[in-house]
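See structure below.
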């Protein structure tokens, strides 16, 4: 039987155990999780049909340049034309289904989800973000989830999905060459959220003057194809710095003077913000809140913040400390998010799924793919996932999966496999006295021990 600590390891830090995993984490669950952090390239996602953001943007512009009318329709029919949006989405979701169902524990996948909810882009924002949000995850998040925070911050800030999301790719310094000629100015959206959400947070006490200065620092940060005037090129969709759009002169952000010029100025600001004490405290608090409980104990967050600062933002070191801290292994109190419930239910029943079901279920449960509908991401506290008809919708999904389960799957044996000694006597009794096998499996998936982590 799986022990309670192993159940915590699977459900709190991973994507939930599969029925065949049984005692994978028994004895020393921390070591198994820690070892996963050292697997080479474990966060990277590759495969057929996965396009880079640059390829997606290039193909989209080529489609936009196709002739209109009857001739265009004939070309599409003869070439089995499929819109880039649909092809991209299907390939991206299929890749994530495969990864979620085969991952040993799923710890690193959970970290990817955490950081995607920190550096938010919304597919509903515009067409460019809709098409490149998944590529943003693969290119700006996954390569850095076990690396340095500063490297991730730079990659995120330069990515076309983020630049398009905040409409900052065409932001122009008012005193720049282009600004003086066109009368255009800065867009402060990106700078504001970079301070408030991506780094130091409002508790750091930055001012509107800091936001304005940072927005000027970021002028000229763009990508090829961001402007309709750009000519089609082989590096369409790639980051570029437009010197003629950059606000000249030094800037002061949060009492630090930046006299660098051009791109160097922005990179210097990002480096300072990435290593700021307020950033360390905020990242540590968010990590603990996400994995442990909604009201984390100050000492564990302070310990992780200290590791963040000592290691120059080494995210693997921060996660290691999280796993090693005794308070990280307390009773399960957090409610699984819709995506956590989806993957853990599929893994528990050893079921496959498809793109349509994943998109449908996550939308129905309130966590649509890459679309949190707010720059601060999906909520990360229990009340949000218990509101309205949330549990009724989860029950519908649980019953749907239970009806598809293998006929040889023994509900009580599955309880031992996926909950073990963490399962209460009351829950076990309810499952044992269910009217049918499918009802027993649905009860397992809806039990407090399965819904909490």
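Numbering (the working numbering), first residue to last: 460 to 912. Just so you know, even glycine gets a beta-carbon here, dropped at the ideal spot from N, CA and C.
- Taking C-alpha positions only, residue 554 is separated from residue 598 by approximately 14 Å.
- About 4 Å separates the beta carbons of residue 601 and residue 502, which is inside the 8 Å limit, making them a contact pair.
- Residue 698 has 682 as its beta-bridge partners, per DSSP.
- Ranked by Cα distance from residue 738, the options 577, 558, 491, 572 are led by 577.
- Beta-bridge analysis with DSSP links residue 561 to no other residue.
- Note: residue 716 is bridge-paired with 711 in the DSSP secondary-structure output.
- Going by C-alpha positions, residue 548 is about 29 Å away from residue 609.
- In terms of CA proximity to residue 866, 809 leads the group 809, 846, 731.
- Unbroken alpha helix (DSSP H) runs of no fewer than 4 residues, entirely contained in the segment 572-614, are found at 586-595, following chain order.
- Here residue 794 is bridged, per DSSP, to 911.
- DSSP places residue 853 inside the alpha helix (DSSP H), whose first and last residues are 849-863.
- Secondary structure of residue 773 (DSSP, three-state): strand.
- The beta carbons of residue 631 and residue 643 sit about 4 Å from each other, so the pair counts as a contact at 8 Å.
- Three or more beta-carbon pairs separated by less than 8 Å link the segment 802-817 to the segment 844-861, which places the two stretches in contact.
- DSSP places residue 827 in the coil class of the three-state scheme, outside both helix and strand.
- Of the other Cβ atoms in all chains shown, 16 or more fall within 10 Å of the Cβ of residue 729; this residue is therefore buried.
- Below 8 Å, too few C-beta pairs join the segment 588-596 and the segment 559-569 to call them touching: fewer than three.
- A buried status is given to residue 820, since no fewer than 16 other beta-carbon atoms sit within 10 Å of its beta-carbon.
- For residue 882, the CB contacts under 6 Å within the same chain, skipping 5 residues up- and downstream, are 874, 908 in chain order.
- Pairing residue 713 with residue 669, the inter-Cα distance amounts to about 6 Å.
- Here residue 637 is not near residue 716, since their CB atoms are 7 Å or more apart.
- Boundaries of the alpha helix (DSSP H) harbouring residue 875: 870-877, taken from the DSSP string.
- Distance between residue 671 and residue 568, taken at the CA atoms: about 36 Å.
- Residue 876 sits close to residue 478, with the two beta carbons spaced by under 7 Å.
- A direct Cα-to-Cα measurement between residue 468 and residue 571 gives close to 17 Å.
- Of 506, 681, 749, the smallest CA-CA separation from residue 841 is found for 749.
- With 16 or more other Cβ atoms inside 10 Å of its own Cβ, residue 830 counts as buried.
- Taking a contact to require three or more Cβ pairs closer than 8 Å, the segment 742-761 and the segment 773-781 qualify as touching.
- Judged by DSSP secondary structure, residue 504 falls outside any alpha helix (DSSP H); it is assigned neither H nor E.
- As the crow flies, the alpha-carbon of residue 595 is around 11 Å from that of residue 551.
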